[in-house]
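Q: This is the structure I have questions about; it appears just below.
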Amino acid sequence: KIRYDHILNIFGACMEPNNYALIVEYMSLGSLYDILKQKLFQLTWSDRCSIANQMTKGINYLHKLPTPILHRDIKSLNILMTEHVKGFLVKVADFGLAEIRHETSRQSASGPSVGTLPWKAPELLKMGRHTEASDVYALG
């Protein structure tokens, strides 16, 4: 169970044959992608720095767990936001491609890389394995 300010909370799951659903906290603004594409807000430089800082805190938390987790698909669609007293609250979401890192290695266990091409670190294009560094690269 992961609980952290900048990681989307999952409250439960529904599983029926051929139907699966997660019950997660509501993030009223949707994804960072939606905000940027629809120009819902005029983001100040302070807002942008805060968003980047919160994204980084979420990913860093995953990497620093006793059994580290590599997200492997960081992109604006997987960064969810809601309004907060101090501006925006940002949470990392969508762990469908996430993987627990081997304790003896700084790399993921799986073979060919996964994720979304424009956000992939260049070394992954050569069929490399995901690392904490490839998650950081995807942050921008």
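Per the UniProt record's numbering: the sequence shown = residues 1 to 140. Ideal placement from N, C-alpha and C gives every residue a C-beta, glycine not left out.
#1: I'd like the span of the beta strand (DSSP E) that includes A93, first residue to last.
#2: Look up M55 in the DSSP assignment and say whether it is helix, strand or coil.
#3: Please state the DSSP three-state secondary structure of Y137.
#4: Give the secondary structure of E16 by DSSP, where H, G and I count as helix, E and B as strand, and everything else as coil.
#5: May I have the straight-line CA-CA distance separating P112 from L40, to the nearest angstrom?
#6: Would you tell me roughly how many angstroms separate the C-alpha atoms of D8 and I74, rounded to the nearest one?
#7: Looking at S28 and G87, is the spacing between their C-beta atoms short of 8 Å?
#8: Taking the CB atoms as reference points, tell me whether R48 and D135 lie closer together than 8 Å.
#9: Take Y26 as the anchor and find which of H63, T131 and F11 has the nearest alpha-carbon.
#10: Here's the rule: buried if 16 or more other CB atoms are within 10 angstroms of the residue's CB, otherwise exposed. What is S108?
#11: Considering Cα atoms alone, identify which of L80, Q42, Q54 and V92 is closest to L70.
A: A quick look at the data gives this:
#1: Working through the sequence shown from its first residue, we reach residue 93 at position 93. Note, A93: premise wrong, no beta strand (DSSP E); not H, not E.
#2: Against the sequence shown, residue 55 aligns to sequence position 55. Of the three classes helix, strand and coil, the one that applies to M55 here is helix, per DSSP.
#3: Position 137 of the sequence shown, counted from the first residue, corresponds to residue 137. When DSSP states are grouped into helix, strand and coil, Y137 belongs to the helix group.
#4: Translated into the one-based positions of the sequence shown, residue 16 becomes position 16. The answer is strand: DSSP assigns E16 an E or B state.
#5: Counted from its first residue, the sequence shown places residue 112 at position 112. Counted from its first residue, the sequence shown places residue 40 at position 40. Residue placement at P112 is flagged as unreliable, the pLDDT there being 47, under the threshold of 50; the coordinate-derived value follows with that caveat. Each residue's Cα considered, the two are about 37 Å apart.
#6: Numbered from its first residue, the sequence shown carries residue 8 at position 8. Numbered from its first residue, the sequence shown carries residue 74 at position 74. Asp is not the amino acid found at residue 8; the sequence shown has Leu there. Their Cα atoms are separated by approximately 13 Å.
#7: In the sequence shown, the residue the question calls residue 87 occupies position 87. In the sequence shown, the residue the question calls residue 28 occupies position 28. Not closer than 8 Å, so no.
#8: Taking the first residue of the sequence shown as position 1, residue 48 is located at position 48. Taking the first residue of the sequence shown as position 1, residue 135 is located at position 135. Cβ distance not < 8 Å, so R48 and D135 don't count as in contact.
#9: Indexing the sequence shown from 1 puts residue 26 at position 26. For the residues H63, T131 and F11, the minimum Cα distance to Y26 belongs to F11.
#10: Here residue 108 refers to the residue found at position 108 of the sequence shown. Residue confidence is low: S108 scores 43 on pLDDT, short of 50, so the model does not pin down where it sits. Its coordinate-derived value is still stated next. Per the 10 Å Cβ criterion, buried.
#11: Taking the first residue of the sequence shown as 1, we reach residue 70 at position 70. Measuring from the Cα of L70, the nearest candidate turns out to be V92.
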